[in-house]
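With the working numbering applied, the sequence shown closes on residue 383, and no number is skipped along the way.
Where a beta carbon is used, it is the ideal one built from N, C-alpha and C, also for glycine.
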Amino acid sequence: MLRSACLMSIALGLAAAQPVHAQQEVKIGSAEPVSGPSAHLGKDTENGARLAIEDLNATGATIDGKKVKWVLLTEDDGGDPKQGTAVAQKLVDAGVVAVVGRLNSGTTVPASKIYNNAGIPQITPAATTPLYTHQGFRSAFRVVANDNMVGGALARYAVGTLKARRIAVIDDRTAFGQGLADEFVKGVKRAGGAVQIVGRQFTNDKATDFNAILTQIRAQRPDVIFFGGMDAVAGPMLKQMKALGITTKFVSGDGICSAMLSVLAGDALGDDQVTCAVAGGVSGKQEAIFDAFITRFRQRFNLEPENYSPYAFDAVMVIAAAMQQAKSSDPAKFKPVLAKIKYQGVTGTIAFDINGDLRDAALTLYTYRKGKKTRIRVVR
4 MLRSACLMSI
14 ALGLAAAQPV
24 HAQQEVKIGS
34 AEPVSGPSAH
44 LGKDTENGAR
54 LAIEDLNATG
64 ATIDGKKVKW
74 VLLTEDDGGD
84 PKQGTAVAQK
94 LVDAGVVAVV
104 GRLNSGTTVP
114 ASKIYNNAGI
124 PQITPAATTP
134 LYTHQGFRSA
144 FRVVANDNMV
154 GGALARYAVG
164 TLKARRIAVI
174 DDRTAFGQGL
184 ADEFVKGVKR
194 AGGAVQIVGR
204 QFTNDKATDF
214 NAILTQIRAQ
224 RPDVIFFGGM
234 DAVAGPMLKQ
244 MKALGITTKF
254 VSGDGICSAM
264 LSVLAGDALG
274 DDQVTCAVAG
284 GVSGKQEAIF
294 DAFITRFRQR
304 FNLEPENYSP
314 YAFDAVMVIA
324 AAMQQAKSSD
334 PAKFKPVLAK
344 IKYQGVTGTI
354 AFDINGDLRD
364 AALTLYTYRK
374 GKKTRIRVVR
């Protein structure tokens, strides 16, 4: 009798230890530079993904009718390709089923090979190099425009609106900076006519002294200086341009198109001197939805959003939508659904072409007036 009672007690104890309804945990990775000169942009992107995860949990989003705990695993890639591949493998080993990231093209491309080998889909909300989606992978997706569009649009703006006939080009030799500058030069050449590239200069993404290359550029008397790189370099460059008496129009991509540029450049940032393009944009009825997201972001993080937090938010949400449609968080099952999805997000309609690029992508041209980033227009 005593033996039977003991066995019954053990059985009851084991039953109590087993959850009746185990809650599924779905891990989504986020890898961005949250240290280094682009930390403000990386943290902004990470926060966009975090807000989406919080929304999914708050609304009780399920997969195949089963309750899910949505988890964001974050890693700092430091904007460094070597560190980026290390954290990619770390996320794979941690069991993520999808990844949102990265900010930088130079970390996105090498990391994408690791995710592809693991069969895990990756959506970048920010990296713009065409190479990322042209490697033959079926795991690489992008929710913003690529450099082909950005570089071409900036070239048309420089030639058509700014009436530039002599253009100097500088890039920071990163995958992003050099790639964007190359696309800009192609766009200028397509414009034809009397437009000339009067010089091509190079720096690096950690440089602080540009006097030598700016002195050479000043002698070439350009109408426009194009820069391929980030705001941490562009700010000091603008200061040194002012010190050298160079008042030339300055054109660049999304890397400099931040609220931080006015801090980094200080009083060297003249009204309408800088034109930059962000690889995304909304217009019409979509603006109210986008603005509502911006308000919520400010309330949640007590920060002004930068460029790509809304796109990181949508990247998480479109991954969740694909899982729900596939009724599975297994990448092998939801990845084909993701490739064919049509999702209405805060940034507009998300659907991918055969390469994983966003269909009907938009970009937004900005300038700076009284130190504030000011929208010029959205183009497609």
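Inset, instruction - May I ask you to verify whether the stretch 93-101 touches the stretch 302-313, counting CB pairs closer than 8 Å and requiring at least 3? - result: Touching, no.
Inset, instruction - State the Cα-Cα distance for the pair K373 and D274, rounded to the nearest angstrom. - result: Walking along the sequence shown from the start, residue 373 turns up at place 370. Walking along the sequence shown from the start, residue 274 turns up at place 271. Taking the straight line joining both Cα atoms gives about 6 Å.
Legend entry - Alpha-carbon to alpha-carbon, L368 and A280: Mapped onto the sequence shown, residue 280 falls at position 277. Mapped onto the sequence shown, residue 368 falls at position 365. Roughly 4 Å between the two C-alpha positions.
Inset, instruction - Could you have a look at I297 and say whether DSSP puts it in helix, strand or coil? - result: Position 294 of the sequence shown, counted from the first residue, corresponds to residue 297. The three-state secondary structure of I297, taken from DSSP, is helix.
Inset, instruction - Drop a sphere of 10 angstroms on the beta-carbon of N120, count the other beta-carbons inside from all chains shown, and report buried for 16 or more, exposed for fewer. - result: On the sequence shown, position 117 is the one that residue 120 refers to. Label assigned to N120: exposed.
Inset, instruction - Using alpha carbons as the reference points, say which of E49, L59 and V381 lies closest to V321. - result: The residue given as residue 321 occupies position 318 in the sequence shown. Closest by alpha carbon: L59.
Inset, instruction - Inspect the CB distances between the stretch 280-298 and the stretch 254-266 and report whether three or more fall short of 8 Å. - result: By the Cβ rule, the stretch 280-298 counts as touching the stretch 254-266, because three or more pairs are nearer than 8 Å.
Inset, instruction - Could you please give me the residues that DSSP links to D363 through a beta bridge? - result: Locating residue 363 in the sequence shown gives position 360, where the first residue counts as 1. In DSSP, D363 forms no bridge with anything.
Legend entry - First through last residue of the beta strand (DSSP E) which encompasses S255: Within the sequence shown, residue 255 is the residue found at index 252, counting from 1. Its beta strand (DSSP E) spans residues K252 to S255.
Inset, instruction - Would you tell me roughly how many angstroms separate the C-alpha atoms of R362 and T218, rounded to the nearest one? - result: Here residue 362 is taken as the residue at index 359 of the sequence shown, counted from 1. Here residue 218 is taken as the residue at index 215 of the sequence shown, counted from 1. Approximately 42 Å, taken between the alpha carbons.
Inset, instruction - Run the CB neighbour count on S7, radius 10 Å, all protein chains shown included, and call it buried at 16 or more, exposed below. - result: Numbered from 1 along the sequence shown, position 4 holds the residue referred to as residue 7. In this prediction, S7 scores a pLDDT of 43, lower than 50, which makes its location untrustworthy; no coordinate-derived value is stated.
Inset, instruction - Would you check if the distance between the CB atom of A129 and the CB atom of Y314 is smaller than 8 Å? - result: Here the question's residue 129 lines up with position 126 in the sequence shown. Here the question's residue 314 lines up with position 311 in the sequence shown. Cβ atoms of A129 and Y314: closer than 8 Å.
Legend entry - Same chain only: Cβ atoms within 8 Å of G202, ignoring 5 sequence neighbours per side: Locating residue 202 in the sequence shown gives position 199, counting from the first residue. The beta carbon of G202 is closer than 8 Å to those of A171, V172, Q219, I220, Q223 and P225 in its chain, skipping five residues each way along the sequence.
Legend entry - Any C-beta of chain D under 8 Å from that of V236: In the displayed structure, chain D is absent; only one protein chain is listed.
Legend entry - Buried/exposed call for T110, threshold 16 Cβ in 10 Å: Stepping through the sequence shown from its first residue, residue 110 is reached at position 107. Under this definition T110 is a buried residue.
Legend entry - Continuous alpha helix (DSSP H) assignments of at least 4 residues falling wholly in the stretch 301-377: Counting only runs of 4 or more, we get 312-329 and 334-343.
Legend entry - Every unbroken alpha helix (DSSP H) inside the stretch 85-171 [4 residues or more]: Entirely contained in the stretch 85-171, the alpha helix (DSSP H) runs reaching 4 residues are, in chain order, 108-120 and 150-159.
Inset, instruction - Jot down the residue ranges of each uninterrupted alpha helix (DSSP H) in the stretch 246-287, minimum 4 residues, whole runs only, in chain order. - result: 264-268
Legend entry - Option in Y160, V112 and T131 with minimal Cα separation from G190: The residue given as residue 190 occupies position 187 in the sequence shown. Residue Y160 is the option with its Cα nearest to G190.
Inset, instruction - Please classify K72: does DSSP put it in a helix, a strand, or coil? - result: Within the sequence shown, residue 72 is the residue found at index 69, counting from 1. In the structure shown, K72 sits in a strand (DSSP, three-state: E or B).
Legend entry - Candidates V153, R145, F179 and A194, of which the one nearest R168 by Cα: Along the sequence shown, read from residue 1 onward, the residue named residue 168 stands at position 165. The option with the nearest alpha carbon to R168 is A194.
Inset, instruction - Please go through the same chain and pick out, in chain order, the residues whose beta-carbon is closer than 6 Å to the beta-carbon of Q204, but skip the five residues on each side of it. - result: As a working note, residue 204 is residue 201 in the sequence shown. Excluding residues within five positions, the ones whose Cβ falls inside 6 Å are I173 and I216.
Inset, instruction - Output yes or no for whether 8 Å exceeds the beta carbon distance between I31 and P334. - result: Translated into the one-based positions of the sequence shown, residue 31 becomes position 28. Translated into the one-based positions of the sequence shown, residue 334 becomes position 331. Cβ atoms of I31 and P334: not closer than 8 Å.
Legend entry - Where V381 sits in the DSSP three-state scheme: For the purposes of this step, residue 381 is identified with residue 378 of the sequence shown, where counting begins at 1. Note: V381 maps to strand in three-state DSSP.
Inset, instruction - Identify every run of the beta strand (DSSP E) within the stretch 166-229, keeping only runs that are complete inside it and at least 3 residues long; order them along the chain. - result: 169-174 and 199-205
Legend entry - Cβ shell of T127 (< 7 Å), same chain only, five flanking positions each side left out: Looking up residue 127 in the sequence shown gives position 124. G104, R105, T111, Y135 and R145, listed in sequence order.
Legend entry - DSSP bridge partner residues for D79 (one or two, in chain order): Locating residue 79 in the sequence shown gives position 76, where the first residue counts as 1. Note: D79 sits in a beta bridge opposite E35.
Legend entry - Local Cβ density within 10 Å of D47, reported as buried at 16 or more and exposed below that: In the sequence shown, counting from the first residue as 1, residue 47 sits at position 44. Buried is the call here.
Inset, instruction - Please state whether DSSP places G231 in a helix, a strand or coil. - result: One-based indexing of the sequence shown puts residue 231 at position 228. Correct three-state label for G231: strand.
Legend entry - Per DSSP, the bridge partner or partners of K30: Counting from one through the sequence shown, the residue named residue 30 turns up at place 27. Answer by DSSP bridge pairing, in chain order: V74.
Legend entry - Outcome for K345 when other beta-carbon atoms lying within 10 angstroms are tallied against a minimum of 16: Within the sequence shown, residue 345 is the residue found at index 342, counting from 1. Burial call: exposed.
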